[in-house]
Structures are given as C-alpha cells and as structure tokens.
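Since the structure comes first, as structure tokens, the remarks are kept for the end.
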Amino acid sequence: MEKETFLKKQLSFVQGKRKQAEREREREKEREIFSYQQGFILHTIKNGTIRAISLPSVPKLSAAPSYFMGSSSEQLNEPQRRKPLGVRFLGNIKGAPLSFRTCQTIVLVLTFFAYASYHATRKTTSIVKSVLDPETAKLGFAHWPSSYYLRTLHRTEDKRLGSANGWAPFSTADGTALLGDIDVAFLSIYALGMYFAGHLGDRLDLRILLTTGMVGTGLFTALFGADDSRPLAIDRVAFSCCGVGNWFGKSKRGLIMGIWNAHTSIGNISGSLIAAALLKYGWGWSFVVPGVIIAVIGLIVFLFLPVSPEVGVDEDEVLKYNEKNEEDTEKSERKGSRFVEAWEDSGVAPFALCLFFSKLVAYTFLYWLPFYISHTEIDGKYLSNTTAGTLSTLFDVGGVVGGILAGHISDRLDARAMTAAGFMYCAIPALFFYRIYGGISLYWNIALMFIAGVFVNGPYSLITTAVSADLGTHSSLNGNSRALATVTAIIDGTGSVGAAVGPLLTGYISASSWSAVFTMLMGAALVAGLLLTRLVVAEVSAKIEAKSLSYVAASDLPVSSMVEP
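Take the sequence shown: its letter number 261 is residue 261 in full-length UniProt numbering, and every next letter is one higher.
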C-alpha cells in the first residue's frame, strides 16, 4: 500500500511538471506573438544583421537615435510618431488619450474590414464573367443603364462587336480562356507581392501605404467596370497588390487570426451579393460600387488606424507595458531567417506545397463558381446570373463553418497536419458528389455546395492560421518572430501561386468539359493531402510515444528508478 501511494505521488508529480512546462511554452509563444504583432519591437541594422531592441532600452521615444528603422533613411518618420487625426479627435471627445485596449480594437476592426473589402472587389469578376461570356449577350445585360447617351454608346459598341455576342475581347471563340487570363493576371502579381511587398512595411508608413493601396484599388476597380480590356485589369492588380501584400504578411500571426479567420469569406459573400444585385442595372456598376466601398474604407483607415502603439497610445502606457515585458522581449532577440534557410526548416515545404494545391481548389471556386452555376442545368433549367451569384455565396458560408470546425478539431486533437489532410481527403468525394448530383434539384445543389465549401476552405483556413503558430515553437526557429515572418511569407506566397494556376487552367479546360475541371480539382485535393503524409505520421508517432510514456509513468516501476520530488 505504501509503495502504491508513492507511485501515485510520483505519477502526479511527473504529470504536474509536464503540464507546467506546456503552460510555460504556451505563455512564451503568446508573449512573443503578441509583442511582435502590436509593434512593441523596433528594428535596427547593426553589422549587416537585424536584431530587436525593446522600447524601454531608449529613454524616450521622441529622443530615439537615428539608427531606429522607420523609413528608407533608417529614421523613424515623424508621421509615425503622430496620432492619426481620427484617433486625436476621439481622444479629445473622451478628454483623455485612448487606452491600449481601445486602440487594439480599432486596429482589429479596421484591418478586418479592409481585407474583407479587398476580397469583395476581387469577387466581382467572378460574378460578371457570366455577362462577359459570349453566350450571355443574348440575355440583354447592359454595360451601363440604358439612358439616351448610353444607348448611343451601346450602339457604337454593337457596331464594333459586329455579329459576335458578348463583350470584346471576350466575344471570340477563346473568350472563356481570356477570362481565365484576367484571373491569372491578378493572382500572379498577387503571389509575387506575397514574397516581396512585405518589406515595404519596414520603410514606409503602413497607414499611408494601406490607404494608397485601397484608394488605388477602388479607382481601378471602378475603371475596370468602364473598360473591357485586359491591360487595365493588370494595372489594377499591380496597384492593389501594394496594400494587400503588406498587410497579408503582417496580419497572419498566431492568435490574431482567430479573429481574422472569417474575413475572406465575409468579403467574398458581400462582394457576390453586391455585384449580383447590381447586374440588373448594368454590369459596370458591379465594379463601381465595390470600388467606392473600398476607397471609403481606405480613407477611414487613414483617419483612424494607429500603425503602432506609440502612434495611438499614450507614451507612458507604452513604456509601462514594455517594462513589464522587457525580459520576454530580450529573450526573443535573434537573427532574421534567410529565405533558403527557412525552406530547410521542418514542416515549411510540406505545408507550403499543400497550400499550393489547397488554394488552387479554393480560388478556382472563388473565381469560377458563379459562372459554373449559370452554365449548368439545375432541375432542368438554367439559373440567371444574379441568382447564380447569390447562390454561390453558400460555398463561402460553408467555408466559414469549415474553418471554425477545422480549427476546433485540430485544437482538440492537437494535430494540425492530420486535420488538414483529413479535410482534403473528404473534399474529394464532396467535389465528386457536387458535380454528379448538384443538378438534380436546387436543394441538392445548395446542400452539396455547402458541404464542398466546408471541406475545401477548412484546410485552407487552418493552414494559414495555424502554421505560423506551430512553426513559431519549432526548435529551428526558437520563437524568432522575423524567422516566423519569413516562413509565413514563403507558405502564403507559394499558396498564392497555386491560386493563380487554378483559375488559369480552369479557363482553358472548361471550354471542353467541366467534368475535366472537377477531375483536376479532385486530383489537386488528393495531392494536397498526400503532401502532409510525413507530418501526419510524425503527429501519430508523437501521440503514440506520449501515451507510451504516460503508461510507463503509471506502471509498477521499482522504487529505486523513481526521482524524488
């Protein structure tokens, strides 16, 4: 009995130590991510390398030496020290500077809607494709409302189009393929921006940079609705990438993505509903209104977004917070991770390549689902373009559910790769059944589309939200936030290349057969799951080993083998 009591005490001691170590690792990771995301670390260049310096290491922010990085001249910009006009206005109304928590809420809300508005403008092309396609001009959709002036303009355009249907240059035999070229024009530049544009954030005022990108995107999106040429689309995406690339790299860091997880689907849904509702007034308005919305949000961002705590929060509160976290900040001083070295880190290549194929599937649905619905018989008839655009939002609703479900399952199982691979494998039959049985009735189409959205967008959301936090605890990174940023850029950039390839291939393959398109998507989902096999095996092995250790600790071992507590 005495020996059994001693063994129970030893088991309790071992389990307590293990839980304490796990809690300490979690706290360390949270402090690292929180400190990095909120901008409490300034950067300096010394001996050709980058290292972190905490704010308490300087006497006052206003007297910070010139080697602090904040512009191309390696000096902190004066606009970055000043609070935005809207923040100062709110402070004057309140009669006191805004608290740290208030500024944090402002940042989360503004950046959420900023990125959702980007996705809303990105979604418009998928809704308008059905109108631009050569087969739909006979339905009578107009470029703009039929006023007297615009009727004259339409007659001029009709002469230019001749006997062909649709809108130039999509009125030719390869019009569907040209629609795919627009998608690849956007996404290819977007992918390049994922790799490189993030560095602008270290040298430019993020508030001005983001505002410029959003207003520019709104302008060129509106002009896109007034023009029917592809070069204008390329100009538009090059402009928008300046803002998206910067905030894409900055925004995806650990815990904050728990709040951000739905912005993609929210933007897609709102963009689809707005564009579809405006089709009856003329497809040009489907670009103008989302363009105006993102431009207005961009101006709000300029007025209210504090890019760092020293801009939005009182200096004493910033210093007080950093004094509390100075020890944690000093522990995180590491060198930045080089691009090639980051590829060699365990887990980066499998997740990056998996995201390549996962985004290939997800973005094919993003850009082509409304077009597919309007060109597929459902219950013996074809749906209108407006109805097809509205119906396609259910795929994004399923994506929201899938992202939350995948995150919950992975947290419960503590197995990111296993969950992502399982969802990708489940996406294969979901896509198959949607293609085969989606045309039986509208209700079958809705149900199967929702299920497909759950399994297609679930792993996509899980990888982009969980990989950064997981790699931040990897032994080769040791919590280095800059190495984490490099790894995140690699994974998201590689995934965005797949996002460009999918819609491009669909534009050409769909001209012959939509069944071939779904075969391609199912093959991509299979490859995405297989790429995570090594990580899945590692997770399973780790769980088996953990259970074995727990069994050994609970077994009847000799007293001499026990460690005294």
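A virtual CB, placed ideally from N, CA and C, is assigned to each residue, including glycine.
Quick caveat, the model's predicted, so the values are computed rather than measured.
query, result
"Contact set for Phe-455: own chain, Cβ-Cβ below 7 Å, skip 5 residues either direction", "Gly-402, Phe-423, Cys-426, Ala-427 and Ala-430"
"First and last residue of the uninterrupted alpha helix (DSSP H) at His-263", "263-278"
"Length of the line joining the Cα atoms of Ile-300 and Thr-390", "28 Å"
"Span separating the alpha-carbon of residue 571 from that of Pro-290", "What the structure shows of the chain is the stretch from 1 to 565, and residue 571 is not part of that stretch, so it cannot be assessed."
"Distance CB(Ala-275)-CB(Lys-123) smaller than 8 Å", "yes"
"Proximity test, Val-215 beta-carbon vs the ligand GTP heavy atom, cut-off 7 Å", "The ligand content of the structure shown is nil, which means the ligand GTP is not present either."
"Buried versus exposed call for His-119 [16 or more other C-beta atoms within 10 Å across all chains shown]", "buried"
"Cβ shell of Asp-396 (< 7 Å), same chain only, five flanking positions each side left out", "Ser-265, Asn-268, Ile-269 and Gly-453"
"Beta carbon of Pro-503 nearer than 8 Å to that of Thr-364", "yes"
"Proximity to Leu-303 [Cα-Cα], best of Thr-105, Gln-20, Lys-83 and Leu-535", "Lys-83"
"Residue span of the alpha helix (DSSP H) that contains Trp-368, given as start and end", "348-374"
"Contacting residues, own chain, Cβ-Cβ under 7 Å from Leu-535 (five flanking each side not counted)", "Gly-347, Pro-350 and Ala-417"
"With 16 other Cβ atoms within 10 Å as the buried cut-off, status of Ser-286", "buried"
"Distance between Asp-205 and Leu-526 (C-alpha atoms, nearest Å)", "43 Å"
"Reduced DSSP category for Lys-381 - H, G, I as helix; E, B as strand; rest coil", "strand"
"Length of the line joining the Cα atoms of Gly-439 and Ser-541", "43 Å"
"Classification of Leu-85 by the beta-carbon crowding that lies within 10 angstroms, buried from 16 upward", "exposed"
"With 16 other Cβ atoms within 10 Å as the buried cut-off, status of Asn-92", "exposed"
"Exposure label - residue 568; buried when at least 16 CB within 10 Å", "Examination of residue 568 is not possible in this model, given that the chain is present from 1 through 565 alone."
"Sequence-distant residues of its chain with Cβ nearer than 7 Å to Ile-297 (five each side left out)", "Phe-113, Ala-114, Ser-117 and Met-214"
"Of the listed residues Thr-386, Ala-538 and Asn-457, nearest to Trp-283 (C-alpha basis)", "Thr-386"
"Whole-number beta carbon distance between Pro-306 and Glu-87, since they are thought to touch under 8 Å", "Sequence inspection shows Val at residue 87; the Glu mentioned does not correspond to that position. Indeed they touch by this definition, with Cβ atoms about 6 Å apart."
"Cα-Cα separation, Leu-279 to Gly-529", "39 Å"
"Local Cβ density within 10 Å of Leu-549, reported as buried at 16 or more and exposed below that", "exposed"
"Beta-carbon gap between Thr-111 and Ile-294 smaller than 8 Å", "no"
"Asp-379 burial status per 10 Å Cβ neighbour count (16 or more: buried)", "exposed"
"When Glu-26, Ala-524, Asn-445 and Ile-544 are compared against Leu-505, the one with the closest alpha-carbon", "Ala-524"
"Pick from Thr-464, Gly-216 and Leu-383 that is closest to residue 576, judged by C-alpha positions", "With the chain represented from 1 up to 565, any question about residue 576 goes unanswered, as that position is not in the structure."
"Cα-Cα separation between Tyr-434 and Ala-21, rounded to whole angstroms", "47 Å"
"Top-ranked residue by Cα proximity to residue 572, from Gly-216, Leu-355 and Thr-393", "Residue 572 is absent from the structure shown; the chain starts at 1 and stops at 565."
"Proximal residues to Leu-532 (C-beta, below 7 Å), its chain only, five neighbours per side dropped", "Pro-350, Cys-354, Ala-417, Ala-420 and Ala-421"
"Ala-528: first and last residue of the uninterrupted alpha helix (DSSP H) it sits in", "514-531"
"Any alpha helix (DSSP H) of 4 or more consecutive residues that is wholly inside the segment 87-132", "100-132"
"Beta carbon of Ser-188 nearer than 8 Å to that of Tyr-367", "no"
"Anticipated Cβ contact below 8 Å, Leu-383 with Ile-373, distance rounded", "6 Å"
"Beta carbon of Gly-493 nearer than 8 Å to that of Phe-450", "no"
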